[in-house]
Amino acid sequence: MNSYTIGIDVGGSHISGALLSHENEGGPLRTVRCTIDSHASGAEIINATRECVEALLEGGHPVMAAGVAFPGPFDYVKGVSRISGVGNKFERTFGLHLKAAMEDAFRERISFSFANDAHCYAAGCYHHLHPGDAHCIFLTLGTGFGSAFYAEGQLLYSHPRIPTNAAFYNELFKEGIADDYFSTRWFLRAFEILTGKKVSSVKHLVENYPQEAVQVFDEFADNLCAFLIPWIQRFSCEVLVIGGSIAKASHLFAPKLQQQLSLHHCNTRLIFTDDTEQMIINGAGMIASASTNISMDLMHFRKTNQPLLPVSKPVATGYEIFPSFHSNETIYTGYDTLATHVAQHKCVVIDGYVGVLWESFRSQLGAQLQRMGITAYWYDISACMKPAVVIDDMLRNSLNGDDPVFGKKFDGALTDFFEEEKLAKLAPDESAGINIVYGTGAALSGWKGLLVYLDIPKNEIQYRMRAASITNLGAIAATDPVQMYKRYYFADWPVLNEHKAALLPVIDIIVDEQRVTAITWMHGKAFRNTLDAMLQQPFRARPWFEAGIWGGHWMKQHLSGLAPDSVNYAWSFELITPENGIVLEAGGFLLEASFDFLLYRNNQQLLGKAAPRFGNEFPIRFDFLDTFDGGNLSIQCHPRTEYIREHFGENFTQDETYYILDCEPEAVVYLGFQDNIDPQQFRQALEDAQERSIELPAEKYVQVHSAKKHDLFLIPNGTVHASGKNNLVLEISSTPYIFTFKMYDWLRPGLDGKPRPINIEHAFNNLYFDRKGDEVKTALISQPRVVQQWEQGRQLQLPTHREHFYTVDRYEFSGSVEITTDGQCHICMLIEGGEVTVTTPDSTLIFHYAETFVVPASVLSYTVHYRHPGRAFLVTAYVKDECC
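To convert a position in the sequence shown, counted from 1, into the working numbering, add 323.
Shown next, in the form of structure tokens:
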């Protein structure tokens, strides 16, 4: 069957197009040429292009794809215009998703691809010339300096021997960039400098001033040779093809160019073409034929063996990995229901968190709107972002170079990632059925309309990061996952959290985007009502789990629902609120949103007395460290308070405790220094281990303590410590969670086979060497004391160190116990017993063994009932009154 495509060349004054047959070498089957006003609105330019395509379809040939050569700047992968500040041509298309608009215009019967004219020219010429595997450079000399590269029969988008962005135009040359010297404006300026006169075009110059033209072109030839020949040599260019309007005067500069190529021993064949437009049209059709729409392989957009949150609430017995809070509101499912609501509005703003798969979302919602017969113009807010190199420079001080872990919190705002003048240019088109501005930061457009917010859990962001399916905010491409995570933590997440907090009161719809093809959503008012209800009763965050080099198998055996094929489980993020989500359930459907929405809604109701100190930062975290049948954690410490503030931008530090939830008889904890510690000797031993792989006799320097169930080891900042193997540690800690200074990691690589980061310098800036000898047992191992006792139980306080701003209680009881919060948020876990029922004036809930739950400070008291034989043990942690 014959294959037909359409090639379109959009110029400043006209559109040219052709119907092409890939089995017919005799030329186009049909051509069309029509005028266009490059200063017209986006709608008018779309309509003109549509009419051109429709004229080419009149013969009834089955066309599946069309390629459009469109001027830049342009995001050719997405099909979004980024034209701004280049002389007003097509500037009214700025931010507009032209690909989506054209495909909507043809009801998705034709797939449209966009490319720059130099690439199209190269593709057309390559097909015409058949140079095989030769290294080829293609130039278009006209309004701008276009370039493209071929090698081994492939159009190159990157190569070690060509410019970084695979184009010459912005390479430095003389006192500017190449485009300043090899475009029409250079000729007009050079002629004016030579004669004091002005001409309207290079053609006018050549035809009316032949003597002056020789002089101008001679200088042009010198410049072109000086610029091109080093690149030709570097790329080993075998074929140089030149087209464009200026190439029609090749007789004025080709001899010198050929002479210089020979003089520099360049084995390069020089070819000029005089049918540039047709080559561009042919190439556009070929690129269209080879292109495919952006699609997301659901097997590869995330890299993990952990399950996605299901759409519907699963049946669970015992520990729930998908705990949910029941809402009396409505949760909707599917793009069709969202489209029905969006269709009622003329202007829509779709904002969301970094990590959203925006093009997949746009495509699926757009398809639903298209099925409803609605014309939607989509505007991509990322067109307004500063260039990636500018953002990189802005964040340089925050990201601390190639350090794999540590940076400093960026103290700017989301607006710092955008160009104000471009945000001001982004304007809806009144002729469209719906105007939609979308992307992270879309609300910065200032558009008034329906506000939709797309949220995504941070664990899913990390799974997508590892699969390279997403980028950092404003970045061109995915990079090393370690560096991506560092930038998320220190730059992207802080500014987006502030942005999200500001939007919460006015969000009209919130969408859980994590499942990509199966969204769930709520109305904003319903979401806020549900947050208000959560702040009045106990609830759980959704935990998530990670493997590690020292990880064990206790969680696999005791927590139902975990993926059994994981190599191990080292961590459970039971309640590490900067990364946890909360799952809402209504009508059996589930929607997850980030935990911090609760703080943004009302931190006073959640934190009570602690709210003035901590604001929107949740102070306490619970997590599991599993070393059962695993290995020792690294010998490590955490930063002192002033150090973490000065170096990393955190407001409080990582003061920890190890609660031994379970252990084997021989299990140990490394904690505190031996009485005879010599800091310099210890440092030398650590450096010998790091640099010479000499095993560290850890017990020589660090005390080793037997671990027993329900022991609480105290680890204030600056304390040397590590969990030994065969422990299940409930880590009760202040919330910061990445600031671990590893000093010795038992000479082992990470799960990825790479060395784990060692931070001896940071550690020695923070260690307290006076935490040693007998003081360790008295000051760093909690000595429980009975606070109150009754017939069926007792309350014990497990005192923490003076550096800890939180304390820990344990209730050991049968039957019921009433616990008062006294204006503090309680974080609780059942550590002995199968399940308990927790009752408040507004709720009756069941929590199982090893499940972490939060009791907001607004709950004055709660009753915990244990109806099984024996006694239940419940641990609670909360901020000390004196630390508020």
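The beta carbon of each residue, even a glycine, is placed where N, CA and C say it ideally should be.
Just the C-alpha distance for residue i and residue j, rounded to the nearest angstrom, thanks.
i       : j       : result
Trp844  : Thr1167 : 26 Å
Ile555  : Gly499  : 20 Å
Gly1047 : Glu973  : 29 Å
Gly678  : Asp803  : 15 Å
Lys932  : Ile1038 : 25 Å
Asn488  : Ser1029 : 59 Å
Ile617  : Val403  : Low confidence applies to Ile617: its pLDDT is 47, below 50, so where it sits in the model is not reliable, and the reading given next is rough at best. Going by the C-alpha atoms only, they are around 13 Å apart.
Ala389  : Gly938  : 54 Å
Asp998  : Tyr1024 : 9 Å
Ala607  : Phe397  : 15 Å
Phe1005 : Asn651  : 59 Å
Pro486  : Ala765  : 32 Å
Gly875  : Tyr892  : 6 Å
Asp855  : Cys1206 : 26 Å
Pro533  : Ile569  : 15 Å
Glu381  : Leu343  : 13 Å
Glu1126 : Thr738  : 37 Å
Ala864  : His649  : 13 Å
Secondary structure at residue i, three-state DSSP: helix, strand or coil?
i       : result
Lys636  : coil
Leu789  : The question names Leu, but residue 789 in the sequence shown is Arg. Residue state, collapsed to three classes: helix.
Lys1065 : strand
Ile757  : strand
Thr296  : With the chain represented from 324 up to 1207, any question about residue 296 goes unanswered, as that position is not in the structure.
Ala513  : helix
Ser1139 : strand
Thr738  : helix
Cys448  : helix
Cys443  : helix
Gln477  : strand
Tyr363  : Contrary to the premise, residue 363 reads as Ala rather than Tyr in this sequence. Here Ala363 sits in coil by DSSP.
Trp701  : strand
How would you label residue i, buried or exposed, when you count the other beta carbons within 10 angstroms and need 16 or more for buried?
i       : result
Thr640  : exposed
Ala841  : exposed
Val1110 : exposed
Arg432  : exposed
Met324  : Residue confidence for Met324 is low, a pLDDT of 45 falling below 50, so the modelled location carries little weight and cannot support an answer.
Tyr444  : buried
Arg430  : exposed
Met788  : buried
Met425  : buried
Val537  : exposed
Gly408  : exposed
Lys520  : exposed
Ala814  : buried
Leu1103 : buried
When you compare each of the options to residue i by their alpha carbons, which one comes out closest?
i       : options                            : result
Asp703  : Arg789, Leu479, Thr1199, Ala750    : Ala750
Ser635  : Tyr993, Thr358, Glu969, Ala909     : Ala909
Phe996  : Pro1020, Glu600, Leu984, Glu979    : Pro1020
Gln1115 : Asp1165, Leu1153, Tyr1185, Gly1193 : Gly1193
His451  : Cys560, Leu479, Gln601             : Gln601
Gly372  : Glu381, Cys357, Pro385, His384     : Reading the sequence as shown, one finds Thr at residue 372 and not Gly. Among Glu381, Cys357, Pro385, His384, the Cα nearest to that of Thr372 is on Cys357.
Ile759  : Tyr808, Asp739, Leu692, Gly730     : Leu692
Phe645  : Pro633, Ala801, Lys1203            : Pro633
Leu379  : Ile338, Glu1014, Thr416            : Ile338
Glu1022 : Ser559, Asp985, Trp1069, Val890    : Trp1069
Lys1031 : Leu1074, Thr853, Asn546, Leu984    : Leu984
Glu1158 : Asp1165, Ile1081, Glu1174          : Glu1174
Ile552  : Phe496, Gly953, Asp949, Glu643     : Phe496
For a quick check, are the C-beta atoms of residue i and residue j less than 8 Å apart?
i       : j       : result
Tyr1067 : Ala990  : no
Asn1089 : Asp888  : no
Phe1064 : Gln959  : yes
Phe1062 : Gln977  : yes
Glu979  : Ser1056 : yes
Phe971  : Lys731  : yes
Phe1136 : Tyr1189 : yes
Val333  : Phe417  : no
Cys1151 : Val1182 : no
Lys1203 : Thr1130 : yes
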